[in-house]
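Have a look at the structure below before the remarks.
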Amino acid sequence: MKQARTFILLLFLALLCTSMLSTGLAVESKASQRSYRLIIRTLPPTKNYPILISGTVYLTNASGIVETNLPPGEYNFSIPDVFEINETVKAMFGRWFRSGGDRWEQNTTLRITRRTNLTLGLVYLFSVSMEFADGLGRRYPDEKVQEVHLLNSWGDHFHIRGRYKNIWLRWNYFKKLPVVGPRLVRVNYSVQSVRVEDLNVVNEGKYVFKIYPGAKWKMYLQIYPIRIHVVDAVFGTPSPGHVRLISDENGLDLLLDAPNGTAYIDQIPRGIYTMKFDGLAIPAKTVLTGPKVDYVYALGPATIVTAVSIVVFVSILFFLARKRKYKRVAISLLTLLVMIITVAFYVIPATQGTRFLSATATPIFAEDGRLIAFKV
604 MKQARTFILL LFLALLCTSM LSTGLAVESK ASQRSYRLII RTLPPTKNYP
654 ILISGTVYLT NASGIVETNL PPGEYNFSIP DVFEINETVK AMFGRWFRSG
704 GDRWEQNTTL RITRRTNLTL GLVYLFSVSM EFADGLGRRY PDEKVQEVHL
754 LNSWGDHFHI RGRYKNIWLR WNYFKKLPVV GPRLVRVNYS VQSVRVEDLN
804 VVNEGKYVFK IYPGAKWKMY LQIYPIRIHV VDAVFGTPSP GHVRLISDEN
854 GLDLLLDAPN GTAYIDQIPR GIYTMKFDGL AIPAKTVLTG PKVDYVYALG
904 PATIVTAVSI VVFVSILFFL ARKRKYKRVA ISLLTLLVMI ITVAFYVIPA
954 TQGTRFLSAT ATPIFAEDGR LIAFKV
């Protein structure tokens, strides 16, 4: 009887141990199968954006969200440097937002021990093209524009040089609010300056552009034509030669051909210029703020010949009035005067119509191919 009770007791203990062992294994198995919800939202919402999590690529859904379950542990998060959404839109890393603190690293490591919500801030770049026109609305070549200075509404400056078609500009920034979290901030761009020949040819802030994919920004530059008439100061007749147009602001020096007494240049930046004639003339100022016709008054060949003739004639009369016996000499002087006048009409215009140019002078052509000036 005693042995039976002992056997029953041992059997009970064996069953109890077996039950406890199976329970422990079940708890351990359940713990090993535990996982936590991970939600990643892209801002702006971006469809099919790839996020690499410890070697596995996850693509965002139509709402720009990745949702998955992950066992507890440490995970590496990586995203591409630049993701091309289409031909006119690109996405770049901005920053990570999470309740435990923001992270600026593009590739980061996080430990998942509970339900986790992340926001991936993306910087959108849009393709933008610029077009230029002069003050009359005619196309102005991109290659003549030295620099465009832009300022966006976030306060960042951009200096663009050389290429003005299909350039990539930032569309958005981020602002983190204490309660509601990160918010997207869209920006506009204002034109601070457009430099041509080292001169600014727009008023600061006149142009403010919204940015969108494939945008085309057109700017009308303060570049105008100028026509300069070289006129004889006495007779008002044209005086052929060359006119130098020199900028008072940056020293731009243009040599304009005026074979018929008129010099013309099709497109020149606004500003204050000094006009100089190669002949006998006083330099004159001109202020270019629009299409303009201006004049330079010179002592032309007709005035010079007339002045010389008058002086000689008066001298002869004075001489003859005093010395009548030198009549033969007076005739000789009159003959000489006629010769001087004849030579002057040929020599003076010729000397004013030509000039030696520097070998480094750059020719400037009009739209119809005419040579209209030299930049010296």
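Heads up: the sequence shown at position 169 corresponds to 772 in this note's numbering, and the numbers run straight through without jumps.
No residue lacks a Cβ here, since even glycine has one placed at the ideal position from N, Cα and C.
Based on DSSP bridge pairs, tell me the residues matched to Ala694.
Phe686, Tyr727
Secondary structure at Ser657, three-state DSSP: helix, strand or coil?
coil
What is the DSSP secondary structure of Lys747, reduced to helix, strand or coil?
helix
Three or more beta-carbon pairs under 8 Å between the segment 771 to 779 and the segment 788 to 795, yes or no?
yes
Compute the Euclidean distance between the alpha carbons of Ala964 and Val896, then round it to the nearest angstrom.
Residue confidence for Ala964 is low, a pLDDT of 49 falling below 50, so the modelled location carries little weight; the figure read from the coordinates is stated next. Roughly 25 Å between the two C-alpha positions.
Is Val797 closer than 9 Å to Leu824 when the C-beta atoms are compared?
yes
Have a look at the DSSP bridge pairing and note the partners of Asn755.
Tyr792
Cβ neighbour criterion (16 or more within 10 Å) applied to Thr716:
exposed
Tell me the DSSP secondary structure of Ser912 in three-state form.
helix
In angstroms with no decimal places, state the Cα-to-Cα distance between Glu807 and Gln795.
4 Å
Pop quiz: Glu734 and Lys821 are said to be a contact at Cβ under 8 Å. What is the actual Cβ separation, rounded to whole angstroms?
4 Å
I'd like to know if the segment 673 to 680 and the segment 688 to 697 are in contact, where contact means that at least 3 CB-CB pairs between them fall below 8 Å.
no
List the endpoints of the continuous beta strand (DSSP E) containing Pro828.
826 to 835
Quick check on DSSP: helix, strand or coil for Thr719?
strand
Environment of Phe880 [buried if 16+ CB atoms lie within 10 Å]
buried
Using the rule of at least 16 other Cβ atoms within 10 Å of the residue's Cβ for burial, across every protein chain shown, is Met878 buried or exposed?
buried
Can you tell me whether DSSP reads Leu673 as helix, strand or coil?
strand
Return no unless some Cβ of chain B is closer than 9 Å to the Cβ of Trp699.
Checking the listed chains, one finds no chain B in this structure; it contains a single protein chain.
Could you tell me how far apart the beta carbons of Arg742 and Arg640 are, in whole angstroms, since I believe they sit closer than 8 Å?
Between Arg640 and Arg742 the Cβ distance is about 58 Å, and since that is not below 8 Å, they are no contact.
Between which two residues does the beta strand (DSSP E) carrying Lys813 extend?
811 to 813
Beta-carbon separation of Ile875 and Val890 under 9 Å?
yes
From Val804, Pro647, Tyr900, pick the residue whose C-alpha is nearest to that of Ala736; which is it?
Val804
Taking the beta strand (DSSP E) that Ser850 belongs to, which residues open and close that run?
844 to 850
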